[in-house]
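J.:
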Amino acid sequence: MSCYFPMRLFFSVAILIFFAGISLPVSAVSSMQNSLSSSTLVNIGKIDLVVVTKSTSSMALMRNGKVLRRYHIALGDRPRGHKTQEGDQRTPEGRYTLDYKKFDSAYYRAIHISYPNEEDRLRASALGIQPGGQIMIHGQNPRSSLSAEEAQKYNWTDGCIAITNPQMDELWRAIDEGTPIEILP
């Protein structure tokens with residue numbers, strides 16, 4: 001009987017260690033997922049400026065000069081340089097306005113950027129080309145075989161700015177139509 005207790009204790013401890021080892025990675029993954037999605041759990045309120053920096057593939061949501069949130073973004077296939085004409089796969093650079101929200105976007109939700117502005121139209125006219133348009137901030141492509149995180153590693157848009165769908169939900173709540181956006185090289 002005295003031999004039975006140590007053996008039972010050994011197996012109990014072994015089972016606990018085994019299940020603790022299995023549950024540790026699961027809890028670690030769960031913790032990582034929570035930290036990755038925690039930005040969508042905390043309401044940041046309204047913002048007064050969006051700043052996109054193309055060279056670092058980042059978007060900052062700001063209020064009163066303070067960065068409240070930063071996202072990694074995907075851009076067009078040719079991200080360097082200012083958009084000059086329709087079909088050039090570039091994202092414009094300059095100061096624009098987020099002028100309307102599009103509920104029925106092919107890429108989850110979308111927020112329209114007021115490109116082209118008067119300066120863009122004059123430049124294109126002088127060159128005898130069309131400046132293009134319909135530049136948006138939007139969510140992910142629902143037809144993509146890549147996960148949102150994987151898709152964000154590539155520049156896959158036609159000149160738009162792509163963020164993940166949870167980030168799009170947060171941005172959607174944080175802006176009002178008319179919020180300015182600065183797009184930097």
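Read in order, the letters of the sequence shown correspond to residues 1 to 185 in full-length UniProt numbering. Ideal placement from N, C-alpha and C gives every residue a C-beta, glycine not left out. The structure presented is a predicted model; accordingly, all values stated were derived computationally and were not measured.
1. Going by alpha carbons, who is nearest to residue 46 out of 185, 72 and 169?
2. Where does residue 102 sit, in a helix, a strand or coil, going by DSSP?
3. So, with DSSP's three-state summary, where would you put residue 144?
4. Between 44, 70 and 63, which lies nearest to residue 53 when the distance is taken from Cα to Cα?
5. For residue 171, count neighbouring Cβ atoms within 10 angstroms of its own Cβ and tell me buried if that reaches 16, exposed if not.
6. Whose C-beta lies closer than 6 Å to the C-beta of residue 184 among residues of the same chain, with five residues either side of it excluded?
7. Measure the C-alpha to C-alpha separation of residue 74 and residue 126 and round it to an integer number of angstroms.
8. Spatial neighbours of residue 167 within its chain, please: CB distance less than 6 Å, with the 5 preceding and 5 following residues excluded, ordered by chain position.
9. Report buried or exposed for residue 83, applying the criterion of at least 16 other Cβ atoms within 10 angstroms of its Cβ.
10. State yes or no: is the C-beta of residue 155 within less than 7 Å of the C-beta of residue 77?
11. Mind pulling the beta strand (DSSP E) runs of 3 or more residues that sit fully within the stretch 30-98?
12. For residue 182, name the three-state secondary structure that DSSP assigns.
13. Around the Cβ of residue 50, are there at least 16 other Cβ atoms within 10 angstroms (buried) or fewer (exposed)?
14. When you compare the CB positions of residue 159 and residue 85, do they come within less than 7 Å of one another, or not?
15. For the beta strand (DSSP E) containing residue 129, list its first residue and its last residue.
16. Terminal residues of the continuous alpha helix (DSSP H) containing residue 170?
17. CA-CA distance, residue 44 and residue 150?
T.: From the atom records:
1. 169
2. strand
3. coil
4. 70
5. buried
6. 53
7. 30 Å
8. 71
9. buried
10. yes
11. 49-53, 58-63 and 66-72
12. strand
13. buried
14. no
15. Note, residue 129: premise wrong, no beta strand (DSSP E); not H, not E.
16. 165-174
17. 26 Å
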